[in-house]
Amino acid sequence: MSNDNILLTHIPESKEKYLTMMSETVKAVSDVFTDDSAYSGTTPWDLHEVVHQDSILPEEGLGWEETLSKIKEQILPYLLRTSSSDYMAHLHGPSLLETLAGEVIISAFNQSMDSWDQSPVATEVELEVIRHLCRLYGYNKSADGVFTSGGSQSNQTAITLARDWFCNRILKHDVQKKGLPDNFKKLRMYVSEISHFSMEQSAHLLGLGYESVVHVPVDSKKRMDIAALRQLIKDDKEKGNIPFLIAATAGTTDYGSIDPIKELVKIGIADNMWIHADAAYGSGVVMSDKYRERIKDLSLCDSITVDFHKMFLMPISCSVVLLKKGSDFDVLTFHANYLNRIEDEADGYTNLVNKSLQTTRRFDALKVWLSFQMRGQDGWNKLINTSMENAQYLYSLLVNDKSFQVVTEPEISSVVFRYVGEDPERADEINRRVRRLLMHKHGVVIGQTTDEDNIYLKFTLLNPLITHKKLDDLVTLIKFLAENLPESDEE
Ligand SMILES: Cc1ncc(COP(=O)(O)O)c(C=O)c1O
0 MSNDNILLTH
10 IPESKEKYLT
20 MMSETVKAVS
30 DVFTDDSAYS
40 GTTPWDLHEV
50 VHQDSILPEE
60 GLGWEETLSK
70 IKEQILPYLL
80 RTSSSDYMAH
90 LHGPSLLETL
100 AGEVIISAFN
110 QSMDSWDQSP
120 VATEVELEVI
130 RHLCRLYGYN
140 KSADGVFTSG
150 GSQSNQTAIT
160 LARDWFCNRI
170 LKHDVQKKGL
180 PDNFKKLRMY
190 VSEISHFSME
200 QSAHLLGLGY
210 ESVVHVPVDS
220 KKRMDIAALR
230 QLIKDDKEKG
240 NIPFLIAATA
250 GTTDYGSIDP
260 IKELVKIGIA
270 DNMWIHADAA
280 YGSGVVMSDK
290 YRERIKDLSL
300 CDSITVDFHK
310 MFLMPISCSV
320 VLLKKGSDFD
330 VLTFHANYLN
340 RIEDEADGYT
350 NLVNKSLQTT
360 RRFDALKVWL
370 SFQMRGQDGW
380 NKLINTSMEN
390 AQYLYSLLVN
400 DKSFQVVTEP
410 EISSVVFRYV
420 GEDPERADEI
430 NRRVRRLLMH
440 KHGVVIGQTT
450 DEDNIYLKFT
460 LLNPLITHKK
470 LDDLVTLIKF
480 LAENLPESDE
490 E
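First residue of the sequence shown? That's 0 in numbering that gives the first Met the number 0, and the numbers climb one at a time after it.
Right, here's the structure in full:
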């Protein structure tokens, strides 16, 4: 195979080839959307048969046409269609059309956000987007932020900075130079018992271990119990442990519940702790005129995780971590002569790697820039309100039907419930089987979780195309399946 026109360049034949390959790909993608189902229903073992090959690296390349036809045959029909209104399993939403267009630009130009000379205008756009986001979440001019690979990395960045800030300022120990202080095993961070697992993962990666993570019980609304938090901190201090961080969740993964941030900040400040808000899910609520109030206290926190690949409906990856005091990023800076020279900043060249755990990094900020410009506040307000109001509708539907149990009223856009029917003893088995049947026989993909060791189903209603009629029909279908389960799922 020749090496002519293998890249997009100024040469007319290369542009022609780019346009052909892109348009054929886009056509193949759009051809997959023949109905609104989310999934073909194919089982893991059947998929294994479809994709299994002796080698994916043939001696001689197949060329574009044959490779594309293999993609059309073996991959595209089986991909989960996240934009389907039958997909509501996770905090992993559909992608707005303009952000798909954004991805074309991001991948074609392949800027890397670590140093200015690898991403000139892209760096300036990210700085501008971050400046706007700081304002949106109520921070003032001393705030700063950076794009990350997702909520987990945003949380990890914030927890790293919290640890360093606490050790530097309070324990007078420089972690960046000397590593962990001798008493590191006593450091404690407080999170709700239903916080995201990236808290434990970060504690592990930071050398603090799972034992540094204290799980605070939640109340009946699935929010961190403030009295329990106070007691746990008191107990820890009596044992000689050292509280350094409270991480609130603004939108828990399952329920979308929002911890009482204001109270929690008061407690944290009294003990010189860093307060982080994991708003990976709930950050989207800021776009709603009606519901913004629910997350207004985020601005009181030292750091905030905001995910754009959840409520904001942007393709993976797209997330930021914001800091109330931007200078707290300084501990992440390491100057390398080949990348981010000290004199660059003085000369007006910003190297974003100075604030990031990643080096090579995507120009994800473009998607936010593009979609904010295109839809404006008004467009975003409507999208977020639709998703929040769908959750309220579904909640009232389920709560008024004795066949179902709902864990708690939604604060954002997720509803966790189970079919109980006549025989609550069989509820776990019924709900588990109903979810599998929905996926494999009806192309409907919903979530599953547990509450107090019981199995529950979950609708995560990020997709603004979901209608009340759709929710009515799905509830009817779930009830029908639960009451008419086949002997075996193979039938
Ligand atoms: C509350 C919360 N925080 C953090 C994360 C992790 O985000 P990501 O999957 O983007 O790493 C999630 C993911 O669902 C989440 O629900």
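Backbone N, C-alpha and C define an ideal beta-carbon position, used for all residues, glycine too.
Considering only their Cβ atoms, is the gap separating residue j from residue i smaller than 9 Å?
i	j	result
ALA279	LEU90	yes
ILE266	LEU299	no
LEU186	ARG168	no
SER256	ARG222	yes
MET188	PHE243	yes
MET198	ASN240	no
MET286	LEU382	yes
ILE129	GLY149	no
ILE10	ASN4	yes
VAL444	MET87	yes
LEU205	THR147	no
THR304	VAL284	no
LEU79	ALA27	no
LEU96	ASP30	no
SER395	TYR418	no
LEU351	GLU125	yes
SER282	GLY325	no
ALA481	VAL433	yes
LEU297	GLY178	no
Quick check: does the Cβ of residue i come within less than 8 Å of any heavy atom belonging to ligand 1?
i	result
TYR455	no
SER194	yes
LYS309	yes
THR505	The chain is shown only over 0 to 490; residue 505 falls outside these bounds and no answer can be derived.
THR122	no
SER141	no
THR98	no
HIS214	no
ALA279	yes
ASN462	no
ASP258	no
SER148	yes
THR511	The chain is shown only over 0 to 490; residue 511 falls outside these bounds and no answer can be derived.
SER151	yes
ASP363	no
GLY206	no
MET94	First, the residue type needs correcting, since residue 94 is Ser and not Met in the sequence shown. Not so, every heavy atom of ligand 1 lies at least 8 Å from the Cβ.
ASP53	no
ASP306	yes
Taking the alpha carbon of residue i as the reference point, which residue from the options has its own alpha carbon closest?
i	options	result
GLN175	PHE333, LEU186 and SER302	PHE333
TYR455	VAL444, ALA426 and LEU480	ALA426
LYS478	ASN453, GLU424, THR459 and PHE416	PHE416
PRO93	GLY101, SER82 and LEU99	SER82
ASP173	VAL330, ASP270 and THR252	VAL330
MET112	GLN52, THR349 and LEU170	THR349
ASN182	ASP53, LYS171 and TYR189	LYS171
SER118	ASN339, ALA481 and SER22	ASN339
THR33	GLY442, GLU486 and ASN453	GLY442
GLN230	ALA246, LYS220 and VAL213	VAL213
TRP164	SER302, GLY347 and ASN353	SER302
GLY375	ASP45, ASP288, TYR394 and ASP53	ASP288
LYS220	VAL414, ASP30 and LEU356	VAL414
VAL367	LEU135, ILE294 and HIS439	LEU135
ASP471	GLY281, SER141, TYR392 and ASN430	TYR392
SER355	ASP377, LEU322 and GLU342	LEU322
PHE328	THR8, LYS295 and THR156	THR156
For residue i, which residues of its own chain have a beta-carbon under 7 Å away from its beta-carbon, when the five flanking residues on both sides are left out?
i	result
SER84	ASP35, ASN462, LEU464, ILE465 and LYS469
THR449	TYR455
ASP270	ILE232 and PRO242
PRO216	GLU192, ASP224 and ALA227
LEU6	SER13
ASN253	The residue you asked about is not Asn; residue 253 is Asp in the sequence shown. Here the set comprises ILE193, SER413, VAL415, THR448 and LYS457.
Return yes when at least one heavy atom of ligand 2 lies under 8 Å from the C-beta of residue i, else no.
i	result
SER316	Ligands in the displayed structure: ligand 1; ligand 2 is not one of them.
Once you ignore the five residues that flank residue i on each side, which residues in its own chain have a CB closer than 6 Å to its CB?
i	result
THR248	SER191, SER194, ASP258 and ASP277
SER151	SER197
PRO314	SER94, THR98 and GLU102
ALA121	GLN110 and PHE362
LYS440	none
GLY347	none
Verify the CB distance criterion: does residue i have a CB-CB separation below 9 Å to chain B?
i	result
LEU46	Given the protein chain composition of this structure (a single chain), no chain B is represented.
Note down, in chain order, each residue of its chain lying with its Cβ closer than 8 Å to the Cβ of residue i, except the 5 sequence neighbours on either side.
i	result
SER412	GLY255, MET310, SER386, MET387, ASN389, ALA390, THR459, LEU460 and LEU461
VAL49	THR41, GLN73 and TYR77
HIS308	HIS91, GLY92, GLY149, PRO314, ILE315, SER316, CYS317 and SER318
MET21	VAL103
THR263	The residue you asked about is not Thr; residue 263 is Leu in the sequence shown. Only MET223, ILE225, LEU228, ILE245, ALA247 and ILE274 meet the Cβ criterion.
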